Amino acid sequence: MLIKKGAEASLYLETWHNRKVVMKKRLPKKYRIPELDNTIRSQRTTHEPHIIHKAKEAGVPTPTIFMVDVADSNIVMEFVEGKQVKEVLDAVSSEERLRLSGLIGLMIGRLHKHGIIHGDLTTSNMILTPNGKVVFVDFGLSERSEELEPKGVDLHLMKRALHSTHHKHAKECFKAVMEGYAEAVGKEETKKVTAKIREIEKRGRYVAER
Amino acid sequence: MAAKNSADSYCLGIESTADDFGAAVVSFEGKVLSNVNDAYMPKEGGIHPREAARHHAEVAEKVLAEAFETTAIKPQDVNLVAFSQGPGLGPCLRTGATAARALASYLDVPLVGVNHCVGHIEIGKLATGASDPVTLYVSGGNTIVSAFEAGRYRIFGETLDIAIGNCLDVYARAVGLQQRRGVPFGAVVEELARKGERFVSLPYTVKGMDLSFSGLLTAAVQAYQSGKHSLEDVCFSLQEVAFSMLTEVTERALAHTEKPEVLLTGGVAANRRLQSMLAVIAEEHDARFCVVPIRLAADNGAMIAWAGILAYRSGISTPIDKSYVNVKWRLEEVYAPWVEETTC
Chain A
1 MLIKKGAEAS LYLETWHNRK VVMKKRLPKK YRIPELDNTI RSQRTTHEPH IIHKAKEAGV
61 PTPTIFMVDV ADSNIVMEFV EGKQVKEVLD AVSSEERLRL SGLIGLMIGR LHKHGIIHGD
121 LTTSNMILTP NGKVVFVDFG LSERSEELEP KGVDLHLMKR ALHSTHHKHA KECFKAVMEG
181 YAEAVGKEET KKVTAKIREI EKRGRYVAER
Chain B
1001 MAAKNSADSY CLGIESTADD FGAAVVSFEG KVLSNVNDAY MPKEGGIHPR EAARHHAEVA
1061 EKVLAEAFET TAIKPQDVNL VAFSQGPGLG PCLRTGATAA RALASYLDVP LVGVNHCVGH
1121 IEIGKLATGA SDPVTLYVSG GNTIVSAFEA GRYRIFGETL DIAIGNCLDV YARAVGLQQR
1181 RGVPFGAVVE ELARKGERFV SLPYTVKGMD LSFSGLLTAA VQAYQSGKHS LEDVCFSLQE
1241 VAFSMLTEVT ERALAHTEKP EVLLTGGVAA NRRLQSMLAV IAEEHDARFC VVPIRLAADN
1301 GAMIAWAGIL AYRSGISTPI DKSYVNVKWR LEEVYAPWVE ETTC
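Chains as they are written, first to last, in the numbering used here: chain A, 1 to 210; chain B, 1001 to 1344.
If you want it as structure tokens, here you go:
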């Protein structure tokens, strides 16, 4: 059963050896020529499970991978019970909102500390489980890097996602994200990354000094 | 004060953001009565802001006169003057702003400063009947994926470095293509790309919903200069990679917002290959695909006039002492009360 039709892949809820699983299919994109499309799909299919595993090592909850089929660009993984953070962030109490934001920041910090750049930090890619954990589910655009620049871009994306989807609470949420981030990477590193984010924002086109 | 809704109200729109100086007369009902343009052509290289501004000052009188000569409307019939207040090149914007201020004072009508990006979106909506689209706005200076939410056109994705139009222009110059009057470099590349057959691998850079074209530009120029690939093949590959990137982020925004329409606007909207790619994703997401007509795709006065009318009708005008240009005016900073909230 199709549960989410994303731009990058479609997610199907399936039963696989008596387990409830998500099958992530990177279906051919008709708008792309096959040469380009095949390369992008197989690269992302190989890459994603690898990074998901690295994220676990970093202490960030991610779905368990059961099977990878590069030829068809399919990944079979655990179905994570819970709700998208996108759906709950504006609805919960302000206390819970700050807890969630801080926790998200902590997780991003752990990823970055281990050289993992998520590449698509939006609240629809995070699942809040019934026991209060936040599971990061989509690593389709992630990359490995120890450099400051991609870390800054990553957090800049998070900030932008908050502003476009949760504009009412974006400011306080991002502040809490950065506090959680500091817990994982330390104050010094956070300062550097914060300066980088500001630099990226100014670099963006037509950004007035804020 | 002039009647705000009457059918015989007209707005003069002046556009001078970059290389084009444009003037148009648009009725408050949204009828484009005239739309005149004169483009600055650099002898070599890209746009030199001061040279372009000098061009604008030289042609302003002629363009403005022509905007009235081609209609039955006289300057005295105009109820509103709108001008492009930003973002864009400072000297160019100031030239248009000066003309607009002078005319508004002389005709004793209100002045309204328009955000150039809003102009592209609104003229696209007017011309296609789109009401609440995900917009891909692509031009020489901008690459923005946006959608309306809570009073503003929110930016969902944009370029982290150069605009797609700029990428195509610089590439075209670097590989030695010649610009002809009235034929943008993008059209020259498109024509060559149609003859390309072999795909050359080039970097594909999508970061979430944001894009980067500078690495792609360098790689494409190097691929041609290596002598291993034909110009047609490199043009073809550059277009395929760049437009696939644009389509991917637009699809992400569409999946995220679930809007009912996809609107393609801006100068690069004229590209058929880009149009065909976006049509595919629109269909897959049950959205209507809308593309701005070619005569309103590039920078023009009509889009400024129309966005000015919309703003003015919702009570917005710009006093002359607040009409200084804003070269870095972000789309998201514009409060757009004229757009009806159709979602949430």
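The beta carbon of each residue, even a glycine, is placed where N, CA and C say it ideally should be.
None of these values were measured; they are calculated from a predicted model.
Taking a Cβ-Cβ cut-off of 9 Å, the neighbours of VAL153/A in chain B comprise LEU1160, LYS1207, GLY1208, ASP1210, given in sequence order. With fewer than 16 other Cβ atoms from the protein chains shown falling within 10 Å of its own Cβ, ALA91/A counts as exposed.
Not a single CB atom of chain A sits nearer than 8 Å to the CB of GLU1015/B. Within the model, the alpha-carbon separation for ILE1320/B versus TYR1106/B is close to 12 Å. Taking C-beta separations shorter than 7 Å and ignoring five residues to either side along the sequence, LYS1228/B has no partners in its chain.
Within its own chain, the residues whose Cβ lies closer than 8 Å to the Cβ of ASP1077/B, once the five positions on either side in sequence are excluded, are ASP1008, TYR1010, listed in chain order.
Scanning chain B for C-beta atoms nearer than 7 Å to the C-beta of ARG32/A yields SER1244, reported in chain order.
Using a Cβ-Cβ cut-off of 9 Å, HIS1229/B is close to nothing in chain A; its nearest Cβ partner there is about 14 Å away. In the displayed model, ASP1038/B falls within a strand according to three-state DSSP. Look at PHE1289/B: its C-beta is not under 8 Å from any C-beta on chain A. Contact between the stretch 1180–1195 of chain B and the stretch 1143–1151 of chain B is absent: fewer than 3 CB-CB pairs across the two stretches fall below 8 Å. DSSP places ILE117/A within a strand segment (E or B) once states are collapsed to three. At a cut-off of 8 Å, the C-beta of PHE1199/B has a neighbouring C-beta in chain A. Secondary structure note for PRO150/A: its alpha helix (DSSP H) is the uninterrupted segment 148–165.
Neighbours of ILE40/A across chain B, judged by C-beta separation under 7 Å: TYR1204. For SER124/A, the chain B residues whose Cβ falls inside 8 Å of its Cβ are HIS1256, in order along the chain. Counting along the chain, PRO1133/B sits inside the beta strand (DSSP E) bounded by residues 1133–1138. According to the DSSP assignment, MET1303/B belongs to the alpha helix (DSSP H) that extends over 1301–1313. Of the candidates LEU1296/B, THR1135/B, PRO1110/B, LEU1296/B places its Cα closest to the Cα of ASN1037/B.
At a cut-off of 8 Å, the C-beta of PHE1156/B has a neighbouring C-beta in chain A. Take ALA182/A, set aside five residues on each side of it, and the residues of its chain with a beta-carbon closer than 6 Å to its own are THR190, in chain order.
In this model, GLU1015/B and ALA1298/B are separated by some 11 Å (Cα to Cα). Scanning chain B for C-beta atoms nearer than 7 Å to the C-beta of HIS167/A yields ALA1150, reported in chain order. Between LYS1322/B and GLU1333/B, the alpha-carbon positions lie close to 16 Å from each other. A distance of 8 Å or more separates the beta carbons of LEU100/A and ALA161/A. For the pair ALA1024/B and ALA1067/B, the CB atoms are nearer than the 8 Å cut-off.
Nearest C-alpha to VAL193/A among HIS169/A, VAL153/A, LYS168/A, THR165/A: VAL153/A.
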